[in-house]
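**Student:** What the sequence shown shows, in our numbering, is residues 74 to 316, in sequence order.
Glycine is no exception: its CB is placed at the ideal position from the N, C-alpha and C atoms.
The structure is given below, and queries will be raised subsequently.
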Amino acid sequence: MKVRPLRAELKFVVHGGVKDALMARWSPYLMQAPFTDAHARTSILSQYYDSPDLAFYREKLDGIEIRNKVRLRVYGMAYEAGQTAFLEIKHRQGDKVRKYRQQLRDFDAADLGPGRWRFDDPAMRSAFMTLVERYRLRASAQVYYQREAFEGGADRDLRVTWDSVLLAMHPGETLDRTLLFDSSRRMMAETLFVLEVKATGELPAWFHDGVIAAELRQQTVPKYITAVEILGLDQHLASGIYA
């Protein structure tokens, strides 16, 4: 079982040129994160889970202070047998986030169904299955994106990530060339990146200096929320007919 402590999480949407300028300033303080290639890049594919009436989606829109997201994540472009896969609960309390993370060993695509989830640790089983049963969780939207990920050289609890090519997908859809270049599934323009900075303690001065120099304002593209709306899943709520 891996339970990460509550962390501050700041998000910004920046142009590619601003990203390059910031990384020129910040790179001396960063090192590439695990599960990335030689250029600190990786593909990420996540299957999100929600109740039949999209309770997690609605709680976010309603501004509920304490809320959860549940997802199954792989580092690749498809759910392939044997690859590294994680079940995650992202538990938010205001502006702080705690993550519960369980690796699925001997993963195959059938593990996308909550009925196949298995846990060695009783506490982790309880955390996930309580949400599965309470919300009757089932597969909702998929989200794909490309990430560049870094950790603090002096502080490994600090993470800086850059996400691009954000795509919304229905459960069971396979990412192919047509979908990859389908502008109707894109969550933001190709020239933009989502910058996320996460830390358990105070953010370093060099980070603040960069934010001030680039005149950044906190802003984000909420991946699951945006995917639900791009796919039209929220229209079932508006009509009163749940999928």
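(1) Roughly how many angstroms lie between the CA atoms of Ala158 and Arg229, to the nearest whole one?
(2) Can you tell me which residues form a DSSP beta bridge with Gly225?
(3) Per DSSP, what are the beta-bridge partners of Gln176 in this structure?
(4) Sort out for me which residues DSSP pairs Phe266 with in a bridge.
(5) Out of Asp110, Gly90 and Ile298, state which residue places its alpha-carbon closest to the alpha-carbon of Val216.
(6) Using only alpha-carbon positions, find the residue among Arg232, Gly155, Leu145 and Glu153 that is nearest to Gly186.
(7) Does the beta-carbon distance from Leu134 to Val233 come in below 8 Å?
(8) Is it right to say Thr115 is buried, meaning 16 or more other beta carbons lie within 10 angstroms of its own, or is it exposed?
(9) When you compare only the Cα positions, how much space is there between Glu246 and Ile117?
(10) Distance check for Tyr173 and Thr203, CA to CA, integer angstroms please.
(11) Between Ser119, Ser199, Ala113 and Val143, which lies nearest to Leu127 when the distance is taken from Cα to Cα?
(12) When the Cα of Glu302 is compared with those of Asp249, Leu240, Tyr208 and Gly283, which residue comes out closest?
(13) Taking 8 Å as the threshold (C-beta atoms), are Leu304 and Ala151 in contact?
(14) Excluding the five sequence neighbours on either side, which residues of its own chain have a C-beta within less than 6 Å of the C-beta of Glu132, listed in chain order?
(15) Provide the residue span of the alpha helix (DSSP H) that contains Arg250, from first to last.
(16) Does DSSP put Leu145 in a helix, a strand or coil?
(17) Report the residue from Val270, Asp307 and Arg98 whose alpha carbon sits nearest the alpha carbon of Val170.
(18) Within 10 angstroms of its Cβ, does Glu161 collect 16 or more other Cβ (buried), or is it exposed?
(19) Less than 8 Å between the CB atoms is what I'm expecting for Ala222 and Asp181, so what's the real figure, rounded?
(20) Since Ile137 is in the alpha helix (DSSP H), which residue starts that stretch and which ends it?
(21) Considering only the beta carbon of each residue, do Gln156 and Glu138 sit closer than 8 Å?
(22) Going by the CB atoms, is the gap between Val87 and Thr293 shorter than 8 Å?
(23) Taking all protein chains shown into account, do 16 or more other C-beta atoms lie within 10 angstroms of the C-beta of Asp193, making it buried, or fewer, making it exposed?
(24) Is it buried or exposed, Arg250, if we count other Cβ atoms within 10 angstroms and call 16 or more buried?
**Tutor:** Reading off the structure:
(1) 22 Å
(2) Leu103
(3) Phe159
(4) Val87
(5) Ile298
(6) Leu145
(7) no
(8) buried
(9) 15 Å
(10) 13 Å
(11) Val143
(12) Leu240
(13) no
(14) Arg140
(15) Arg250 to Leu253
(16) strand
(17) Val270
(18) buried
(19) Actually they do not touch by this definition, with Cβ atoms about 26 Å apart.
(20) First-last for Ile137: undefined, no H or E at that position.
(21) no
(22) no
(23) exposed
(24) exposed
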